[in-house]
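The block underneath contains the structure these notes are about, expressed in structure tokens.
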Amino acid sequence: MLPMVRNQIAKAVGAFVLYALVFHFFKNIATSTQVKSYLPALPELPRISLNYHKPLFNESKVALLIENRPVPNIAPMMLAFMSTLPPDWKFRFMGSEASVAYVNNSAAIRHHAASGKLDLTYIPKNMSTNGQEDISRFLTNLWLYETVLYPAEWLLIYQTDSMMCGNHKGTLDEWLDYDWVGAPWGLNSRYGGNGGLSLRRVSSMIEVLRHQQRQNFSEPEDVWLTERLGHLPNSRTANGTESVKFSGESIWYEQPLGYHTGGSGAWLAGGIWGTPEKRQSIYDYCPEMKMTLGMDLKVFMPQQCNNNW
Numbered sequence: 077m078l079p080m081v082r083n084q085i086a087k088a089v090g091a092f093v094l095y096a097l098v099f100h101f102f103k104n105i106a107t108s109t110q111v112k113s114y115l116p117a118l119p120e121l122p123r124i125s126l127n128y129h130k131p132l133f134n135e136s137k138v139a140l141l142i143e144n145r146p147v148p149n150i151a152p153m154m155l156a157f158m159s160t161l162p163p164d165w166k167f168r169f170m171g172s173e174a175s176v177a178y179v180n181n182s183a184a185i186r187h188h189a190a191s192g193k194l195d196l197t198y199i200p201k202n203m204s205t206n207g208q209e210d211i212s213r214f215l216t217n218l219w220l221y222e223t224v225l226y227p228a229e230w231l232l233i234y235q236t237d238s239m240m241c242g243n244h245k246g247t248l249d250e251w252l253d254y255d256w257v258g259a260p261w262g263l264n265s266r267y268g269g270n271g272g273l274s275l276r277r278v279s280s281m282i283e284v285l286r287h288q289q290r291q292n293f294s295e296p297e298d299v300w301l302t303e304r305l306g307h308l309p310n311s312r313t314a315n316g317t318e319s320v321k322f323s324g325e326s327i328w329y330e331q332p333l334g335y336h337t338g339g340s341g342a343w344l345a346g347g348i349w350g351t352p353e354k355r356q357s358i359y360d361y362c363p364e365m366k367m368t369l370g371m372d373l374k375v376f377m378p379q380q381c382n383n384n385w
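Residue numbers in the sequence shown follow the working numbering, run continuously in steps of one, and reach 385 at the last position.
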């Protein structure tokens, strides 16, 4: 009898436990459903979208003018370059206190400075740009490329005797594959080009200047730099037949991207300026170039010049 009673008790306990578990399970479901029905719906999380506008100006592309003289045509020619170069190029002017103040008199210049397109800065007092040798020292100083111009990768150097032509069908950005391009010294040149209007790859300048230093009173900066760039592994410098399309200085090319003369517009090469027809062709194509010339050519040229002038 005893084993039979125990079995019955065990079955009864098991049934009770099972009933309790089932009851508890359904009670929890009912309670949870009831509670949820009384809870207010949670608000949906707001969808946030941040629209970061692309910067207007590209910090990697800088056009630099260095001029310590308060020359009257600085502001107009800077504005001409700004209107000709692709709009994302930044500009920097480095000058003396007098030349910076003179340029800053222009309302248009102040507008570009306020917009961030133009930076007006002073030439350090311990440096000079008074002559060709001083300029060569300045432009072969590692500090300029590594610190002042950072984070620029492409640098357009231009001077008061140079101009980009607004009527040109191409743009400066088409030349960004080169480490250096400037007006050629000869059509057969494998590399090189005048630095007065030149496009330079900053990282290549830094590579050269970290390993070599120009000796004072040696070659001009453009000759010294391009000689080393021409032998730098993997560098790309424009040869004479390519660079003549970039800038006209002494070798004639029909409608280059720009022009460079010399001596603040006083040195005019006969190969480009030597006939009335050539001069008129330049004026028709690139009238902006007139603002770089010192004076009217008929008065400027000495009497002993060929009658064709």
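C-beta atoms are modelled at their ideal positions from N, C-alpha and C, and glycine is treated no differently.
- The alpha carbon of E229 has as its nearest neighbour, out of P146, T197, A139, the alpha carbon of A139.
- In the structure shown, G242 falls within a coil segment according to DSSP collapsed to helix, strand and coil.
- Under the three-state reduction of DSSP, R168 is assigned to strand.
- The beta strand (DSSP E) runs of length 3 or more contained entirely in the segment 181-253 are, from start to end of the chain, 194-198, 230-234, 238-240.
- Under the 10 Å beta carbon count, D237 is surrounded by 16 or more other beta carbons and is classified as buried.
- Residue burial annotation: K137 is buried, with at least 16 other C-beta atoms found within 10 angstroms of its C-beta.
- For Y359, the enclosing alpha helix (DSSP H) stretches over residues 352-361.
- Counting along the chain, E173 sits inside no beta strand (DSSP E); it lies in the alpha helix (DSSP H) bounded by residues 173-179.
- Annotation: I327 is outside any alpha helix (DSSP H) and is labelled neither H nor E by DSSP.
- With a cutoff of 7 Å on beta-carbon distance, H188 and N270 are scored as not near each other.
- DSSP, read as helix, strand or coil, puts R276 in strand.
- With a minimum length of 3 residues, the unbroken runs of beta strand (DSSP E) contained wholly in the segment 289-352 fall at 334-336.
- Between S274 and D298 a beta carbon distance of about 7 Å is seen, short of the 8 Å cut, so the two are scored as contacting.
- Between D195 and the set W219, S280, M170, the nearest pair of CA atoms involves M170.
- A151: member of the alpha helix (DSSP H) spanning 150-160, first to last residue.
- V257 is bridged by DSSP to L275.
- Of the candidates E222, H244, G246, L215, the residue whose Cα lies closest to the Cα of I233 is L215.
- Between the alpha carbons of V179 and A151 lies a distance of about 6 Å.
- The alpha carbon of I327 has as its nearest neighbour, out of A345, S294, G338, P227, the alpha carbon of A345.
- For the pair Y254 and R312, the Cα-to-Cα distance works out to about 5 Å.
- Look at V138 here: in three-state DSSP terms it is strand.
- In this structure, E135 sits near P227, with a CB-CB distance shorter than 7 Å.
- Distance between W343 and P352, taken at the CA atoms: about 16 Å.
- Spanning the alpha carbons of L155 and G242 requires a straight line of approximately 12 Å.
- E120 carries a coil assignment under DSSP once its states are collapsed to helix, strand and coil.
- In this structure, S323 and G341 do not form a Cβ contact; the two beta carbons are roughly 15 Å apart against a cut-off of 8 Å.
- Rounded to whole angstroms, R213 and W300 show a C-alpha spacing of 11 Å.
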